[in-house]
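Line order of the protein sequences matches chains Y and R. The working numbering puts the first sequence at residues 1 to 134. The working numbering puts the second sequence at residues 135 to 703. Backbone N, C-alpha and C define an ideal beta-carbon position, used for all residues, glycine too. Fair warning: this is a prediction, and the values are worked out from it, not measured in the lab.
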Amino acid sequence: MPTKKIRVLIAKPGLDGHDRGAKISARALRDAGMEVIYTGLRQTPEMIATAAIQEDVDVIGLSILSGAHNTICPQLMALLKAKGMDDVTVLVGGIIPEADIPAMKKSGIAEIFLPGTSTQDIIEFINKRIAVGT
Amino acid sequence: MTEKSKTTIAPPEKSASPRQPSAQEKSWQANTLKPTLEKTPERRAEFTTISGHPIRRLYTEADLPNWSPEKDLGQPGEPPYTRGIHSTMHRGRLWTMRQFAGFGTAEDTNARFRYLLAQGQTGLSTAFDLPTLMGYDSDHPLSEGEVGKCGVAISSLADMEVLFDNIPLANVTTSMTINSPAAIIWAMYLAVAEQQGADWKKLSGTLQNDILKEYIAQKEYIYPPEPSMRLVIDTFEFGVKNTPKFNPISISGYHIREAGSTAIQELAFTLRDGLEYVEWGMRRGMDVDAFVPQLSFFFNAHNDFFEEIAKYRAARRIWHKAMVERYGSKNPRSWALRFHTQTAGCSLTAQQPYNNVVRTAIQALAAVLGGTQSLHTNSLDEAWALPTEFAATLALRTQQIIAHETGVANTVDPLGGSYFVETLTNEVERGAWDYIHKIDAMGGMVPAIERSYPQREIAEASYRYQMEVDRKEKIVVGVNDYVTKENQLEILQIDETVAHRQAARLKKLRADRSRAEVDRCLHALRTAARGTENLMPFIYGTVKAYATLGEICEAMRDVFGTYEEVAIT
């Protein structure tokens with residue numbers, strides 16, 4: 001029986017253009033058999049939430065390196081909640097000081113992947129998480 | 135440009151015949167090497183650089199069959215500049231130690247600048263925050279959360295006055311890492327210099343102003359390529375007339391490499407960008423030798439020691455050849471490629487951050503041995519945040535130790551004549567020319583960017599490298615091997631009070647200035663932007679009227695539109 005492919009939105013919020021991590025993650029997840037949509041650069045939380053609904057994704061992966069995560073993440077999490085999308089798994093990858101991580105997880109972000117993370121770790125995390133959920 | 139100037143320039147010849155080892159080398163292979171390999175095989179079947187370039191076991195004269203010391207190496211300060219652009223290199227003058235700094239408000243960064251100068255730093259280099267880089271004022275909605283985080287927030291001449299307060303611009307060479315709004319930030323710098331009574335003709339420093347690599351790699355663009363290139367050429371023209379000692383551009387491979395390119399791609403795309411600027415300048419009607427001497431370059435110093443040294447040596451050789459053979463340059467000052475180097479930010483690890491001091495020292499050594507003119511060494515904590523004062527000081531000390539304790543600066547091009555380094559220099563040069571010719575065939579760098587060619591090549595290389603790291607084919611100490619758990623470093627935190635202070639200052643500025651004068655200047659700029667005049671004098675006018683960076687960029691957005699890339703993954 002064919003299983004439904006996991007759908008992932010990779011988004012790059014904020015003004016930063018350093019997209020190496022976002023692009024590598026998008027490609028690695030696609031190579032692992034997932035359906036990946038990459039938003040491109042400079043997406044506001046509104047644009048990301050809208051794209052997540054339209055694309056009916058299981059996972060949102062945000063790539064943030066600029067230090068703006070404490071502004072962007074709460075806005076996105078509030079929007080997802082307001083739109084009834086709190087079942088979507090939200091992941092953040094990038095440069096996040098460890099001190100900020102507990103509050104981010106408390107807000108509903110499933111996992112934060114720091115520099116040096118192997119793409120395999122992200123793939124395994126998503127596969128496990130979505131399998132448990134379904 | 136004439137058809138003739140587009141003729142293909144022959145890269146160093148690749149020997150058609152197979153490598154021909156000497157009788158002695160053959161005998162070594164049979165009698166010494168073979169028994170060793172039978173007993174103890176090598177660590178791996180293939181050795182490559184970090185870029186994936188194959189490396190042989192041993193290099194001998196057999197690897198340099200057509201190599202001529204006169205033609206390919208030459209003398210330092212003479213074509214083809216393989217050995218360096220000055221006859222005495224670092225014996226005459228050490229490289230400029232130029233640490234990139236900027237965070238928070240202009241006051242915060244001014245204090246860091248003065249601290250670094252007091253520690254023996256010899257030039258300034260300014261990092262701007264993302265709103266400034268993208269042409270938004272600190273109080274714009276899109277700036278929320280980003281003010282003062284990745285650099286200093288500069289929204290108007292008033293901020294620039296504070297940034298350079300008590301720093302004599304006539305004496306301190308100043309570099310500014312700004313691209314799309316480069317002309318505006320430069321105008322602010324020139325206005326502060328004028329206030330200080332400095333003679334523009336004596337000002338020395340560098341504007342990054344390299345928009346092509348933004349489309350290729352760093353993605354901090356505002357306008358489409360055509361008007362962006364016009365702005366760049368406007369700064370060239372203005373600089374030739376008004377600031378003969380200032381570099382209006384720093385053609386940058388650094389960000390291309392950070393985006394994941396190979397060393398050869400970094401070299402090729404950067405130099406092809408350089409050729410693009412030269413061609414646009416000539417098309418504007420400038421003589422090649424009038425403006426090319428003011429163009430400068432900026433390369434990355436990554437981990438693979440010899441590959442990096444070969445890259446710098448090949449860069450000088452390619453630039454000389456291109457200037458003479460492609461554009462008929464007659465001025466040796468146009469032939470000599472001058473460059474700044476920064477150690478590789480992307481090589482820093484968040485894990486075991488003190489290891490980064492070691493990486494940075496080795497990378498900096500490669501830059502020095504490759505003949506750099508100035509150098510930034512990264513701080514150990516930069517995989518986490520902007521550096522603390524402690525970390526920034528240690529990074530500067532790393533350069534001072536290389537300069538004064540290791541002895542590597544006591545002779546010119548100490549690696550010249552090494553079979554390996556000369557072979558690798560040839561191979562890197564050949565690889566770069568192959569790319570340059572491909573981009574020529576696409577009609578130049580702007581069309582190549584529009585079809586995502588360099589972007590795609592870099593994405594491929596960066597993915598390939600990540601897979602090698604994930605499979606442990608390439609070892610990153612502390613990340614995929616030799617892993618230990620460590621405590622978080624103490625890092626620099628920029629809080630939101632920076633944004634509040636900036637918003638208050640902008641509010642006051644908008645109240646204090648003459649709105650009518652601002653509107654008049656912005657209107658004049660818009661009108662000029664619709665025509666073909668050089669925009670620098672108009673931009674200078676808006677800056678002096680205390681129009682904000684956001685207002686000036688918006689005026690040009692109205693005329694030029696904005697650029698959206700085709701996102702590739």
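Helix or strand or just coil, what does DSSP make of R/H187? Counting from one through the second sequence, the residue named residue 187 of chain R turns up at place 53. If DSSP states are grouped into helix, strand and coil, R/H187 belongs with coil.
For Y/L80, return the contacting residues in chain R, with the cut-off set at a CB-CB distance below 9 Å. Translated into the one-based positions of the first sequence, residue 80 of chain Y becomes position 80. Correct list: empty, because the minimum Cβ distance to chain R is about 18 Å.
Selection from R/L267, R/G408 and R/V296 that minimises the alpha carbon distance to R/K353: Position 219 of the second sequence, counting from 1, holds the residue named residue 353 of chain R. Of the candidates R/L267, R/G408 and R/V296, the one whose C-alpha sits nearest the C-alpha of R/K353 is R/L267.
Is the CB of R/V632 under 8 Å away from at least one CB in chain Y? Position 498 of the second sequence, counted from the first residue, corresponds to residue 632 of chain R. No, R/V632 does not count as interfacial toward chain Y.
So the beta strand (DSSP E) R/F440 belongs to, where does it begin and stop? The residue given as residue 440 of chain R occupies position 306 in the second sequence. Run containing R/F440: none in the beta strand (DSSP E); it sits in the alpha helix (DSSP H), F439 to K455.
Just checking: is the beta-carbon of Y/I123 within a distance shorter than 8 Å of some beta-carbon in chain R? The residue you call residue 123 of chain Y lines up with position 123 of the first sequence. False, the Cβ-Cβ gap to chain R never drops below 8 Å.
Taking Y/G21 as part of the alpha helix (DSSP H), name the residues at either end of that continuous run. Residue numbering aside, residue 21 of chain Y sits at position 21 when the first sequence is read from its first letter. First-last of the alpha helix (DSSP H) with Y/G21: R20 to D31.
List, in chain order, every chain Y residue whose beta-carbon is nearer than 8 Å to that of R/Q352. One-based indexing of the second sequence puts residue 352 of chain R at position 218. Going along chain Y in sequence order, the residues near R/Q352 (Cβ under 8 Å) are G17 and H18.
Our contact map puts R/I301 next to R/F262 with C-beta atoms below 8 Å; I'd like the distance itself, whole angstroms only. Position 167 of the second sequence, counting from 1, holds the residue named residue 301 of chain R. Position 128 of the second sequence, counting from 1, holds the residue named residue 262 of chain R. Not a contact, Cβ separation roughly 16 Å.
Inter-residue CB distance, R/S259 and R/H510 (contact presumed, cutoff 8 Å): Working through the second sequence from its first residue, we reach residue 259 of chain R at position 125. Working through the second sequence from its first residue, we reach residue 510 of chain R at position 376. Sure, about 6 Å apart at Cβ, within 8 Å.
Using a threshold of 8 Å, state whether the C-beta atoms of R/S272 and R/A595 are closer than that. Taking the first residue of the second sequence as 1, we reach residue 272 of chain R at position 138. Taking the first residue of the second sequence as 1, we reach residue 595 of chain R at position 461. No; because the gap between Cβ atoms is not below 8 Å, this pair is not in contact.
Residues in the same chain with beta-carbon distance under 7 Å from R/G269, minus the five sequence neighbours each way, listed in chain order, please. Taking the second sequence and counting its residues from 1, one reaches residue 269 of chain R at position 135. Within the same chain, R/G269 has close Cβ partners S314, P315, I356, L683, G684 and C687.
With H, G and I counted as helix, E and B as strand and the rest as coil, what does DSSP make of R/P214? Position 80 of the second sequence, counted from the first residue, corresponds to residue 214 of chain R. Correct three-state label for R/P214: coil.
Got a sec, what are the start and stop residues for the alpha helix (DSSP H) R/F372 sits in? Counted from its first residue, the second sequence places residue 372 of chain R at position 238. It spans P359 to N376 - the alpha helix (DSSP H) in which R/F372 sits, taken as one unbroken run.
So that I know if they touch, is there some Cβ in chain R lying closer than 8 Å to that of Y/I72? The sequence position of residue 72 of chain Y within the first sequence is 72, counting from 1. Chain R contact via Cβ: present.
When we look at the beta-carbon of Y/M1 and count the other beta-carbons within 10 Å, is it buried (16 or more) or exposed? In the first sequence, counting from the first residue as 1, residue 1 of chain Y sits at position 1. Residue confidence is low: Y/M1 scores 45 on pLDDT, short of 50, so the model does not pin down where it sits. No coordinate-derived value is stated.
Listed by chain order, chain R residues near Y/Q120 by CB distance under 8 Å: Translated into positions along the first sequence, residue 120 of chain Y becomes position 120. Those within 8 Å of Y/Q120 in chain R are D604.
Can you tell me whether R/Q233 is helix, strand or coil according to DSSP? Looking up residue 233 of chain R in the second sequence gives position 99. The answer is strand: DSSP assigns R/Q233 an E or B state.
Taking Cβ-Cβ distances shorter than 7 Å, what residues in chain Y pair up with R/E278? Taking the second sequence and counting its residues from 1, one reaches residue 278 of chain R at position 144. Within 7 Å Cβ-Cβ: T71.
Contact set for R/G612: own chain, Cβ-Cβ below 8 Å, skip 5 residues either direction: Position 478 of the second sequence, counted from the first residue, corresponds to residue 612 of chain R. Excluding positions up to five away in sequence, the list reads T483, Q485, Q486, N489 and T618.
Nearest to Y/R27 by alpha carbon, out of Y/R42, Y/V8, Y/A103 and Y/G14? Translated into positions along the first sequence, residue 27 of chain Y becomes position 27. Here the closest residue by C-alpha is Y/V8.
Of the listed residues R/E630, R/E410, R/V492 and R/L503, nearest to R/Y461 (C-alpha basis): Numbered from 1 along the second sequence, position 327 holds the residue referred to as residue 461 of chain R. Nearest option by C-alpha distance: R/E410.
Which value, in whole angstroms, describes the spacing of the CA atoms of R/E667 and R/R467? Here the question's residue 667 of chain R lines up with position 533 in the second sequence. Here the question's residue 467 of chain R lines up with position 333 in the second sequence. Using only the alpha carbons, I get a separation of about 28 Å.
Tell me, which residues are paired with Y/P13 by DSSP? Walking along the first sequence from the start, residue 13 of chain Y turns up at place 13. Partner(s): Y/Q43.
Cut-off 8 Å between Cβ atoms - residues of its own chain near R/G550, not counting five sequence neighbours on either side: On the second sequence, residue 550 of chain R is found 416 positions in, with the first residue counted as 1. Contacts found: L207, T216, R217 and E556.
For a contact defined as C-beta to C-beta under 7 Å, what are the partners of Y/K23 on chain R? As a working note, residue 23 of chain Y is residue 23 in the first sequence. Near Y/K23 (Cβ distances below 7 Å), the residues of chain R are A593 and T703.
Residues within the region 2–14 of chain Y neighbouring chain R, beta-carbon criterion of under 8 Å: I10 and G14
Are the beta-carbon atoms of R/G257 and R/T307 separated by less than 8 Å? Residue numbering aside, residue 257 of chain R sits at position 123 when the second sequence is read from its first letter. Residue numbering aside, residue 307 of chain R sits at position 173 when the second sequence is read from its first letter. Going by C-beta atoms, R/G257 is nearer than 8 Å to R/T307.
Between which two residues does the alpha helix (DSSP H) carrying R/G578 extend? Mapped onto the second sequence, residue 578 of chain R falls at position 444. R/G578 -> no alpha helix (DSSP H), and no H or E assigned at all.
Could you tell me which chain Y residues have their CB closer than 8 Å to the CB of R/E699, listed as they occur along the chain? Indexing the second sequence from 1 puts residue 699 of chain R at position 565. Going along chain Y in sequence order, the residues near R/E699 (Cβ under 8 Å) are G40 and L41.
With contact counted as at least three CB pairs below 8 Å, one residue from each stretch, are the region 365–373 of chain R and the region 389–409 of chain R in contact? no
Hey, out of R/I385, R/F425, R/T494 and R/H474, whose CA is closest to R/F439's CA? Counted from its first residue, the second sequence places residue 439 of chain R at position 305. The shortest C-alpha separation from R/F439 is found at R/T494.
If we count the other Cβ atoms within 10 Å of its Cβ and call it buried at 16 or more, is R/K436 buried or exposed? By one-based count along the second sequence, residue 436 of chain R stands at place 302. The residue you asked about is not Lys; residue 436 of chain R is His in the sequence shown. Classification for R/H436: buried.
Span separating the alpha-carbon of R/E195 from that of R/N165: Position 61 of the second sequence, counted from the start, is the residue given in the question as residue 195 of chain R. Position 31 of the second sequence, counted from the start, is the residue given in the question as residue 165 of chain R. Their Cα atoms are separated by approximately 20 Å.
Residue environment, R/H454, which counts as buried when at least 16 other CB atoms sit within 10 Å: Within the second sequence, numbered from 1, the residue matching residue 454 of chain R stands at position 320. Buried, by the Cβ-count rule.
Can you tell me which residues form a DSSP beta bridge with R/H474? Within the second sequence, residue 474 of chain R is the residue found at index 340, counting from 1. Looking at the DSSP assignment, R/H474 forms a beta bridge with R/F432 and R/S508.
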